[in-house]
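Participant: Handing you this structure, nothing more for now.
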Amino acid sequence: MATRTRSSKKSEQVSAEDVDIETENDSEEEEEEEEEGRGSSKRLRQNEEPSMYEHIRDQRMKENQERMQKLGLLKLSQKLKTQHQNPQRRPKKNIDDALPSRRSSRIMTLEPVNYAENKAKGREEGDSSSKDSKDNIEIFIPEGENPEFYTEEQEKLLGDSDTIWELGVDGCDVDGSRMYDSIRGETCHQCRQKTLCQHTNCNRCELSQGQLCGDCLYTRYGENLLEAIENPKWTCPSCRGICNCTRCRKANGWMPTGNIYHKVSKLGFKSVAHYLIQTRRTDKSLEEGSGAENVAEEIPQIPADTDQNRAIRTRRGLRRS
C-alpha cells in the first residue's frame, strides 16, 4: 500500500509539472504572436509611408525635369561638364647661368660697395666719438643732509685687483640671469640679494656686512673676489669706512648713488668707490672738522668673550661648512 501511495504522489507531481510547462509554452507562444502582429503592423506602416513619399518625389522630379528641358538648362549643364578640364601647367623656362646679369649701364662702371669696411669704419668712428663724448657724460647724485668728503687716508684704503673679474658668470645660469635661493643662498651686503654665488668673508668683523658677491665687489670697489678669499688679511669696505651701499650712505646722511658703474668706467675710473673718493677728496684732516666725520667712523670691535661674538662665529662656521 505504501508503494502505491508513493507512486500516486509521484504521478500527481509529474502531471502538475507538465501542466505548468504547457501553460508556460502557451504564454510564450502568445507573446511571440503578439510581437509578430506588432512587427507586421509596423512593416505595413513603413511600406505605406515610403510609398506615398516616393510617389510625391517622383512627381516633383518629373516636373523639374520638364521645366529644365523647356528652359534648356540640361543642355547647358552637359556642355559645361564636357568643357571642364584640368588646367595645363606652364613649362618652366631654363635659365642659362652663363648669361650676364642684367644691370644698368650706369651701375656697371661703379665699383661694388664693401659693407664690411663701412662697419669697421663706423666702429672706429664710434670709438673716437665715445672718447670725445666723455665730456658729455653726466653723473648726478642728489645732495644729502651731510656734505660728502673723503681724505687721503681713505683713498689709500681703496682696493685693487691683479686680474679682471668677469661679470654675469658666478652664480648665474646659462642665460646670464642670477640664481636666487632664499634658503641656501647668502645675502650680499651691497645688493641685498640671496644668491648661490661665492661671497667674501671679512677677517676683522666677521659680520654679514663682510659678505659681498663678486659682481658687486668688482663694480663698486674694484676688487676681485678670488683674490679677496685667498687673502687672510682682507677686510670689508665697511670696516675700512669706504662702503657705498645704500644703507651705509643713508646712515652717513648721503643719498644713494644708483647704478653708475658704466658711466664711471667710461670716465676712466676703476669702480664707483674710486670715482666717489677721488672726485670728492679733501686735503683737510678729520680733526679740523671738514665734514667727513661720518666717513671715518669705525665699527666698534666686539670682545671675544661676549655671547654675541660666539653666535656670529657659530653662524660663520656653519656657513663655511
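Here the sequence shown is numbered in the UniProt record's numbering, starting from 1 and rising by one per residue. We put the beta carbon where it would ideally sit given N, CA and C, even for glycine.
In angstroms, rounded to a whole number, what distance separates the CA positions of glycine 185 and proline 147?
Facilitator: For the purposes of this step, residue 185 is taken as the residue at position 185 of the sequence shown. For the purposes of this step, residue 147 is taken as the residue at position 147 of the sequence shown. Taking the straight line joining both Cα atoms gives about 36 Å.
Participant: Label residue 323 either buried or exposed according to how many other C-beta atoms from any shown protein chain fall within 10 Å of its C-beta, with 16 as the threshold for buried.
Facilitator: Since the first and last residues shown for the chain are 1 and 321, residue 323 lies out of range.
Participant: Alpha carbons only, please: which of Glu166, Ser182 and Ile183 is nearest the one belonging to glycine 176?
Facilitator: Here residue 176 refers to the residue found at position 176 when the sequence shown is read from its first residue. It is Glu166.
Participant: Work out the CA separation of proline 142 and proline 256 for me, nearest whole Å.
Facilitator: Counted from its first residue, the sequence shown places residue 256 at position 256. Counted from its first residue, the sequence shown places residue 142 at position 142. If I take the Cα positions, the gap works out to 8 Å.
Participant: If you run the structure through DSSP and keep just helix, strand and coil, what is cysteine 213?
Facilitator: One-based indexing of the sequence shown puts residue 213 at position 213. Here cysteine 213 sits in strand by DSSP.
Participant: Return helix, strand or coil for proline 274, following the three-state DSSP convention.
Facilitator: For the purposes of this step, residue 274 is identified with residue 274 of the sequence shown, where counting begins at 1. Checking the displayed sequence, the identity of residue 274 turns out to be histidine instead of proline. Correct three-state label for histidine 274: helix.
Participant: For histidine 199, name the three-state secondary structure that DSSP assigns.
Facilitator: In the sequence shown, residue 199 corresponds to position 199, counting from 1. Three-state result, histidine 199: strand.
Participant: Locate the alpha helix (DSSP H) running through serine 265, then write down its first and last residues.
Facilitator: Position 265 of the sequence shown, counted from the start, is the residue given in the question as residue 265. 261-266 is the extent of the alpha helix (DSSP H) around serine 265.
Participant: Mind checking which residues open and close the alpha helix (DSSP H) that includes serine 238?
Facilitator: Your numbering for residue 238 matches position 238 in the sequence shown. That run of the alpha helix (DSSP H) goes 237-240.
Participant: By Cβ distance below 7 Å, which residues in the same chain neighbour tyrosine 180 in space, the five residues on each side in sequence not counted?
Facilitator: Numbered from its first residue, the sequence shown carries residue 180 at position 180. Excluding positions up to five away in sequence, the list reads Gln193, Lys194 and Thr195.
Participant: Mind checking if glutamate 223 is an interface residue toward chain B, Cβ cutoff 7 Å exclusive?
Facilitator: Absent from the structure: chain B. Only one protein chain is present.
Participant: Which residue marks the beginning of the alpha helix (DSSP H) containing arginine 192, and which one marks its end?
Facilitator: The residue labelled residue 192 in the question sits at position 192 within the sequence shown. Looking at the DSSP string, arginine 192 is not in any alpha helix (DSSP H), and its letter there is neither H nor E.
Participant: Considering just the uninterrupted stretch of the alpha helix (DSSP H) at isoleucine 139, what are its terminal residues?
Facilitator: Residue 139 sits at position 139 when you count from the first residue of the sequence shown. Taken as a continuous stretch (DSSP letters only), isoleucine 139 belongs to no alpha helix (DSSP H), as it is neither H nor E.
Participant: Looking only at C-alpha atoms, which of Leu226, Gly241, Phe140 and Ile137 sits nearest to cysteine 198?
Facilitator: On the sequence shown, residue 198 is found 198 positions in, with the first residue counted as 1. The residue asked about is misnamed: residue 198 is glutamine in this sequence, not cysteine. Among Leu226, Gly241, Phe140 and Ile137, the Cα nearest to that of glutamine 198 belongs to Leu226.
Participant: Where does cysteine 248 sit, in a helix, a strand or coil, going by DSSP?
Facilitator: Taking the sequence shown and counting its residues from 1, the one referred to as residue 248 is at position 248. Here cysteine 248 sits in helix by DSSP.
Participant: Identify whether glycine 57 lies in helix, strand or coil by the three-state DSSP scheme.
Facilitator: Taking the first residue of the sequence shown as 1, we reach residue 57 at position 57. According to the sequence shown, residue 57 is arginine rather than glycine. Arginine 57: helix per DSSP, three-state reduction.
Participant: Using 10 angstroms around the beta-carbon of leucine 276, count the other beta-carbons present and answer buried if the total reaches 16, otherwise exposed.
Facilitator: Numbered from its first residue, the sequence shown carries residue 276 at position 276. Burial call: buried.
Participant: Which whole-angstrom value describes the C-beta separation of cysteine 213 and cysteine 243, a residue pair presumed to lie in contact below a C-beta threshold of 8 Å?
Facilitator: On the sequence shown, position 213 is the one that residue 213 refers to. On the sequence shown, position 243 is the one that residue 243 refers to. Incorrect: roughly 14 Å between the Cβ atoms, too far for contact.
Participant: Apart from the five residues just before and just after leucine 157, which ones in its own chain have a Cβ nearer than 6 Å to its Cβ?
Facilitator: In the sequence shown, the residue the question calls residue 157 occupies position 157. Arg240 and Ile242.
Participant: Where in the region 142-197 do unbroken runs of the alpha helix (DSSP H), each at least 4 residues long, occur, reported from the N-terminal end onward?
Facilitator: As far as the region 142-197 is concerned, its whole alpha helix (DSSP H) runs of at least 4 residues are 152-156.
Participant: Measuring CA to CA, which of Ala273, Tyr150, Asn203 and Leu217 is closest to aspartate 170?
Facilitator: For the purposes of this step, residue 170 is taken as residue 170 along the sequence shown, with counting starting at 1. Of the listed residues, the one whose Cα sits closest to aspartate 170 is Leu217.
Participant: Just tell me which of Cys236, Val174, Leu74 and Glu153 has its CA closest to the CA of asparagine 203.
Facilitator: As a first step, residue 203 is located in the sequence shown; it is residue number 203 there, counting from the start. Comparing Cα positions, the closest option is Cys236.
Participant: For residue 329, count neighbouring C-beta atoms within 10 Å of its own C-beta (all shown protein chains included) and say buried if the count is 16 or more, exposed if not.
Facilitator: The structure shown has nothing for residue 329, since the chain only spans 1 to 321.
Participant: So, is valine 264 buried or exposed, given that buried needs 16 or more other C-beta atoms within 10 angstroms?
Facilitator: In the sequence shown, the residue the question calls residue 264 occupies position 264. Under this definition valine 264 is a buried residue.
Participant: Express the C-alpha separation of asparagine 201 and leucine 267 in angstroms, rounding to a whole number.
Facilitator: On the sequence shown, position 267 is the one that residue 267 refers to. On the sequence shown, position 201 is the one that residue 201 refers to. Spanning the two alpha carbons is a distance of roughly 31 Å.
Participant: Identify which residue in Met61, Thr279, Gln278 and Glu230 has its Cα closest to the Cα of aspartate 162.
Facilitator: Position 162 of the sequence shown holds residue 162. Measuring from the Cα of aspartate 162, the nearest candidate turns out to be Glu230.
Participant: Tell me where the alpha helix (DSSP H) around arginine 106 begins and ends.
Facilitator: One-based indexing of the sequence shown puts residue 106 at position 106. Looking at the DSSP string, the run of the alpha helix (DSSP H) that includes arginine 106 is 105-108.
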